[in-house]
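What follows is a single structure, written as structure tokens, with notes after it.
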Amino acid sequence: MTDEREPRLSFQTLQVLQVFLERPEHKLAGADIRVITRLASGTLYPILARLEEAGWLDSEWENADASNAGRPRRRYYRITALGARRAGEAFERMQVRRQGLAWA
Amino acid sequence: MGLEEIVLALLAGLLIAEVLDWLPLLTTFVIQTAARRLPEDVRSRRREEWLAEAEHIPGKVSRVCWALGLILASARMSARDREPIKRLSVTSVVETDTIGSGALAPDLHASEVTCRCSCGAVLDEPERLPCPRCGSTSRSIHVSISEGVVALAGASIEARTTRYQ
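What follows is the structure in structure tokens.
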């Protein structure tokens, strides 16, 4: 489900987006992202929810049948084309600002 | 080492083992509590997702700490869902015979003031004066109020019975 509200690009949100931009073909579970970014659960999951609502991330259940596996299913996230484009633009803008500050 | 110290050490060990055995249940309880605070349409999804994630957190105590963070996560996620979803505006007409200002509360602003009698002239007057058309000092003041509406997932009803009638 997409949402017209743009996600707020906090430092932590950019950290999460960077993880996906570096691995555009990978499906990542929240635990994988937590290990890479070291974000607390109270921060990470609201960010994932916001990015998913905005259509920047897509998610799906793992293929394994939970009853067969004897455990709850994992939810995997992947960056969408919209998310990759918007995140790329955001990082470009940041790069321009940083260079502007360096030259000032 | 005396007998008392040996018994105390043994009891402490048993107590720690007991507490550690209860931690997985505590983790599950905290996750379910966090999920319950979310809107109903995402509750079961988050519960299953978080229960699966918990299995990838090493250490029983770390797992409980991680689960406690989900309480904060669910509060943040719910807060976002409570943003106003619709703006409502209500227009009301205040009828007054008061001469001079003071008919309205200071934080209310009249969008339009008309003469209350049959002439219905629209008046732009800083202070109440007789209507230039009919001489009346009665006014209809049109007031508009706008507020955001917040929709919550649940509603509760409290009822009391009268036992002694």
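Taken in order, these protein sequences are the chains called D and B. Taking the working numbering, the leading residue of the first sequence gets 1, the next gets one more, and so forth. Taking the working numbering, the leading residue of the second sequence gets 1001, the next gets one more, and so forth. Each residue gets a CB set at the ideal place from its N, CA and C atoms; glycine is no exception. This structure is a prediction, so every number in the text was calculated from the model and none was measured.
For residue i, the nearest candidate out of the options (CA to CA)
| i | options | result |
| --- | --- | --- |
| residue 62 (chain D) | B:1072, B:1071, B:1063 and B:1048 | B:1048 |
| residue 1119 (chain B) | B:1128, B:1138 and B:1125 | B:1138 |
| residue 1042 (chain B) | D:94, D:75, D:6 and D:80 | D:75 |
| residue 6 (chain D) | D:77, D:58, D:70 and D:52 | D:52 |
| residue 49 (chain D) | B:1031, B:1029, B:1073 and B:1030 | B:1073 |
| residue 1067 (chain B) | D:80, D:36, D:43 and D:17 | D:43 |
| residue 73 (chain D) | B:1142, B:1136 and B:1050 | B:1050 |
| residue 1114 (chain B) | B:1142, B:1127, B:1044 and B:1129 | B:1142 |
| residue 60 (chain D) | D:79, D:47, D:71 and D:70 | D:79 |
| residue 1031 (chain B) | B:1123, B:1065 and B:1134 | B:1065 |
Test item: CB-CB of residue i and residue j under 8 Å
| i | j | result |
| --- | --- | --- |
| residue 56 (chain D) | residue 87 (chain D) | yes |
| residue 1033 (chain B) | residue 1071 (chain B) | yes |
| residue 30 (chain D) | residue 1053 (chain B) | yes |
| residue 1060 (chain B) | residue 1015 (chain B) | no |
| residue 84 (chain D) | residue 9 (chain D) | no |
| residue 1136 (chain B) | residue 1116 (chain B) | yes |
| residue 1063 (chain B) | residue 1027 (chain B) | yes |
| residue 1013 (chain B) | residue 40 (chain D) | no |
Burial state of residue i, where buried means 16 or more other Cβ atoms lie within 10 Å
| i | result |
| --- | --- |
| residue 1121 (chain B) | exposed |
| residue 1132 (chain B) | exposed |
| residue 1022 (chain B) | exposed |
| residue 1029 (chain B) | exposed |
| residue 28 (chain D) | buried |
| residue 960 (chain B) | Chain B is shown from 1001 up to 1165; residue 960 (chain B) falls before or after that span and cannot be answered. |
| residue 25 (chain D) | exposed |
| residue 1 (chain D) | At residue 1 (chain D) the pLDDT is 45, less than 50, meaning the model places this residue with poor confidence and gives no usable figure here. |
| residue 1079 (chain B) | exposed |
| residue 1102 (chain B) | In this predicted model, residue 1102 (chain B) has a pLDDT of only 49, less than 50, meaning its place in the structure is not dependable; the value taken from the coordinates is given anyway. That one is exposed. |
| residue 971 (chain B) | Residue 971 (chain B) is absent from the model: chain B starts at 1001 and stops at 1165. |
| residue 54 (chain D) | buried |
| residue 47 (chain D) | buried |
| residue 1025 (chain B) | exposed |
| residue 19 (chain D) | buried |
| residue 132 (chain D) | Absent from the model: residue 132 (chain D). The displayed extent of chain D is 1 to 104, so no value can be given. |
Limits of the unbroken alpha helix (DSSP H) element including residue i
| i | result |
| --- | --- |
| residue 1049 (chain B) | 1040-1054 |
| residue 1021 (chain B) | 1003-1036 |
| residue 50 (chain D) | 41-53 |
| residue 19 (chain D) | 11-22 |
Where the beta strand (DSSP E) containing residue i begins and where it ends
| i | result |
| --- | --- |
| residue 60 (chain D) | 57-61 |
| residue 34 (chain D) | Premise fails: residue 34 (chain D) lies in the alpha helix (DSSP H), 30-37, not in any beta strand (DSSP E). |
| residue 79 (chain D) | 75-79 |
Distance cut-off 7 Å: residue i Cβ against heavy atoms of the ligand PLP
| i | result |
| --- | --- |
| residue 1011 (chain B) | The ligand content of the structure shown is nil, which means the ligand PLP is not present either. |
At a cut of 8 Å, does the stretch 4-24 of chain D reach the stretch 1028-1045 of chain B through at least three beta carbon pairs? no
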